[in-house]
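S.K.: Mind having a look at this structure? Questions to follow.
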Amino acid sequence: MADKILKKIYVKVWRQNNPSDKGRFETYEVENISQGSSFLEMIDILNDQLIREGKDPIAFDHDCREGICGMCSMYINGHAHGPDSEITTCQLHMRKFEDGETITVEPWRAGAFPVIKDLIVDRVAFDKIQQAGGYVSVNTGGVPDGNTIPIAQVDAEEAMDAAACIGCGACVATCKNSSAMLFVAAKVSQFAKLPQGKVEAKRRAKAMVAKMDELGFGGCTNTGACELACPKNISISHIARLNREYLKAKFSD
Amino acid sequence: MSSFMKASIGRKFFMSLTGLFLIVFLFVHLTLNLFLTFDDSGVLFNEAAHFMATNPIIKIMEPVLALGFVIHIIWSGWITLENMKARPKGYQAGDNLLKWYAPAKNMFILGGMVLIFLIIHLFNFYVKMRFTGDPLLNQPGPGLEDGVHNSYALVANLFIHYPVYDIIYIIGGILVGLHISHGFWSAFQTIGLNNSNWMKRLKFLAHLVAFIIGAGFAYIPLYFLIKF
């Protein structure tokens, strides 16, 4: 069966020329959108229309368009990645919207994620947190066989669940405090559950939390909004582990 | 240590510990207050109040409790301010993921309302019992020894003759309950004592604790409102 066509929708989108521009909302009409198209494809069609009209197209982040790169970052109708769960914006379909609907599209809002242009925000803060300790120091020599260190299945699974984080920033965008705790918790957790990560566990937890605070993210108040918004369904139980790892490290100083 | 105090997790660590401490206090407070409803002659409550006023352990704990309140209140303002600074510009479409009335989203507002209630409450009883005195406290009562306050008379008078205070105290109980329904499990989460198994258990316990404390405190004015 062919997909239904949305005859006309209104896209109310945030336009901001550069980081220092005040910015404003503009509403565009888009006609004949198939409900089978993705949200980003709809924006592509809108941009094509804007270019033909001699206007500046809407700048937005995107890359893989299959939900694994974490680049797309739109806050649609009050939801990070739009009104569907466990997906990124690129996986959002237009069948989630009604004909004649006005769709509000905003960039991630956080002091630590300044807007560069329109819907593009600067998420380099996440890279800085990762660089502060989100790694296992590499030693020289031959690569050891992965199976030489036995790891319990449950631990491997939980580490993998945490490692599913794509660093899109939906947690920060959704949290009322713009807290990066779910991101940091996922990055700390994926190592904390594995023997290779335990070696640098204390330094890692302290450094990453200190960097997170320094970059101006808010604190976690355990509202749980982040895990609802997370396209990878990362649980806030990882935040409890981050707290535990951090406190253990701090108290042993 | 100073870096710990300033760190986001460090700040919340103190928030959690003081919060749990205040919950323990509320349980003690509720237990004693329920004596108001067990014995309408007031003998039981007066004995309990006298015991609490003279017990050396309680004397030591009183300033500790005050400190607990002060830290919890000041830290909440500090944390909330820092958290608000983290998002200089909000969303036009709002945040539609959690319900606007979810206690988790409104801890500062709920806490602020509890604080207003607390101030009213302190002026109703504590200030009179400890500092200014009140003719009702010296009223003779059954089984009352010389020099022992008739605390029951003070409390019963307020709840029997001023229904508006009954309503305020019932609302106070509900507000504390809502605050605890998030605060209890959130405290365990912040001090790291939680995982995917305990998440459900702690949330259930949080609602149980919140119900016992909220309903328990609301029951006392309700008892006076209905019975007298």
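Chains A and B supply the protein sequences, listed in that same order.
First residue of the first sequence: 1, per the working numbering; consecutive thereafter.
First residue of the second sequence: 1001, per the working numbering; consecutive thereafter.
A virtual CB, placed ideally from N, CA and C, is assigned to each residue, including glycine.
Any beta-carbon of chain B closer than 8 Å to the one on Leu194(A)?
M.R.: Here residue 194(A) refers to the residue found at position 194 of the first sequence. No - not a single Cβ of chain B is within 8 Å of the one on Leu194(A).
S.K.: For the segment 1087-1098 of chain B, which residues have a CB atom closer than 9 Å to at least one CB atom of chain A, in sequence order?
M.R.: Those residues of the segment 1087-1098 of chain B that come within reach of chain A (Cβ to Cβ, closer than 9 Å) are Arg1087, Pro1088, Lys1089, Gly1090, Tyr1091, Gln1092, Ala1093, Gly1094, Asp1095, Asn1096, Leu1097, Leu1098.
S.K.: Over what stretch of residues does the beta strand (DSSP E) that includes Ile5(A) continue unbroken?
M.R.: Stepping through the first sequence from its first residue, residue 5(A) is reached at position 5. Per DSSP, Ile5(A) belongs to the beta strand (DSSP E) from 5-15.
S.K.: What ranges does the beta strand (DSSP E) occupy inside the segment 83-136 of chain A, keeping only unbroken runs of at least 3 residues that lie completely in it?
M.R.: Complete beta strand (DSSP E) runs here, min 3: 102-106, 115-117.
S.K.: Could you have a look at His79(A) and say whether DSSP puts it in helix, strand or coil?
M.R.: Counting from one through the first sequence, the residue named residue 79(A) turns up at place 79. It is a strand residue.
S.K.: Select from the segment 1182-1204 of chain B all residues with a C-beta closer than 7 Å to any C-beta belonging to chain A, and list them in chain order.
M.R.: Of all residues in the segment 1182-1204 of chain B, Ser1186, Gln1189, Thr1190, Ile1191, Gly1192, Asn1194, Asn1195, Ser1196, Met1199 have a Cβ within less than 7 Å of some Cβ in chain A.
S.K.: Tell me which residue opens and which closes the beta strand (DSSP E) that Lys1091(B) is part of.
M.R.: Position 91 of the second sequence, counted from the start, is the residue given in the question as residue 1091(B). It is worth fixing the name first, because residue 1091(B) is Tyr in this sequence and not Lys. First-last for Tyr1091(B): undefined, no H or E at that position.
S.K.: Which of the three DSSP states is assigned to Tyr28(A) in this structure?
M.R.: The residue you call residue 28(A) lines up with position 28 of the first sequence. Tyr28(A): strand per DSSP, three-state reduction.
S.K.: If you follow the alpha helix (DSSP H) that Ile1174(B) is part of, which residue opens it and which one closes it?
M.R.: The sequence position of residue 1174(B) within the second sequence is 174, counting from 1. Element bounds for Ile1174(B): 1163-1190.
S.K.: Identify, in the order they occur along the chain, each residue of the same chain with its Cβ nearer than 7 Å to the Cβ of Asn32(A), setting aside the five sequence neighbours on each side.
M.R.: Indexing the first sequence from 1 puts residue 32(A) at position 32. Once the five neighbours on either side are set aside, the close Cβ partners of Asn32(A) are Ile5, Lys7.
S.K.: Okay, do the segment 1007-1023 of chain B and the segment 1070-1080 of chain B touch, 3+ Cβ pairs below 8 Å being the bar?
M.R.: Output reads yes: the segment 1070-1080 of chain B touches the segment 1007-1023 of chain B.
S.K.: In its own chain, which residues sit with a C-beta less than 7 Å from the C-beta of Gly67(A), not counting the 5 before and 5 after it?
M.R.: Taking the first residue of the first sequence as 1, we reach residue 67(A) at position 67. Only Ile87, Thr88, Cys90, Gln91, Pro231 meet the Cβ criterion.
S.K.: What do you get for His81(A), buried or exposed, if any count of 16 or more other CB atoms within 10 angstroms of its CB means buried?
M.R.: Position 81 of the first sequence holds residue 81(A). With 16 or more other Cβ atoms within 10 Å, it is buried.
S.K.: Between Gln16(A) and Lys117(A), how many whole angstroms is the CB-CB distance? I'm expecting something under 8 Å.
M.R.: Position 16 of the first sequence, counted from the start, is the residue given in the question as residue 16(A). Position 117 of the first sequence, counted from the start, is the residue given in the question as residue 117(A). The Cβ separation is near 6 Å, so the contact holds.
S.K.: Following the continuous alpha helix (DSSP H) through Ile1212(B), name the residue where it begins and the one where it ends.
M.R.: As a position in the second sequence, residue 1212(B) is number 212, starting the count at 1. Counting along the chain, the alpha helix (DSSP H) containing Ile1212(B) begins and ends at 1196-1227.
S.K.: Check whether chain B comes within 8 Å of Ser20(A), counting only Cβ atoms and requiring the distance to be less than that.
M.R.: If you number the first sequence from 1, residue 20(A) lands on position 20. With 8 Å as the cut-off, Ser20(A) does not count as an interface residue toward chain B.
S.K.: Is it true that the CB of Gln130(A) sits closer than 8 Å to the CB of Ala159(A)?
M.R.: Your numbering for residue 159(A) matches position 159 in the first sequence. Your numbering for residue 130(A) matches position 130 in the first sequence. No, the Cβ-Cβ distance between Ala159(A) and Gln130(A) is not below 8 Å.
S.K.: Keeping to the same chain, check which residues put their C-beta closer than 6 Å to that of Pro1221(B); ignore five residues upstream and five downstream.
M.R.: Taking the first residue of the second sequence as position 1, residue 1221(B) is located at position 221. Hits under 6 Å: Phe1159, Asp1166, Tyr1169, Ile1170.
S.K.: Short of 7 Å in beta carbon distance, which residues of its chain neighbour Ile1174(B), apart from the five on each side in sequence? Order them along the chain.
M.R.: For the purposes of this step, residue 1174(B) is identified with residue 174 of the second sequence, where counting begins at 1. Contacts found: Gly1214, Ala1218.
S.K.: Can you pull the chain B residues whose beta carbon is under 9 Å from the beta carbon of Thr27(A), in chain order?
M.R.: Position 27 of the first sequence holds residue 27(A). Result: empty, since nearest Cβ-Cβ is about 12 Å, beyond 9 Å.
S.K.: Put Ile33(A) into one of helix, strand or coil per three-state DSSP.
M.R.: Translated into positions along the first sequence, residue 33(A) becomes position 33. It is a strand residue.
S.K.: Just to make sure I have the definition right: I need the residues of chain A whose C-beta is within less than 8 Å of the C-beta of Phe1021(B). Which are they?
M.R.: Against the second sequence, residue 1021(B) aligns to sequence position 21. Going along chain A, no residue has its Cβ under 8 Å from Phe1021(B), so there is no contact; the nearest lies around 17 Å.
S.K.: Considering only their Cβ atoms, is the gap separating Trp14(A) from Glu98(A) smaller than 8 Å?
M.R.: For this step, residue 98(A) is matched to residue 98 along the first sequence. For this step, residue 14(A) is matched to residue 14 along the first sequence. Result no, Cβ atoms of Glu98(A) and Trp14(A) do not sit closer than 8 Å.
S.K.: Got a sec: which bits of the segment 92-110 of chain A sit with their beta carbon under 8 Å from any beta carbon on chain B, in order along the chain?
M.R.: Per Cβ criterion, the list reads Thr104, Glu106, Arg109, Ala110.
S.K.: Looking at chain B, is there any beta carbon in it that lies within less than 8 Å of the beta carbon of Thr223(A)?
M.R.: As a first step, residue 223(A) is located in the first sequence; it is residue number 223 there, counting from the start. With 8 Å as the cut-off, Thr223(A) counts as an interface residue toward chain B.
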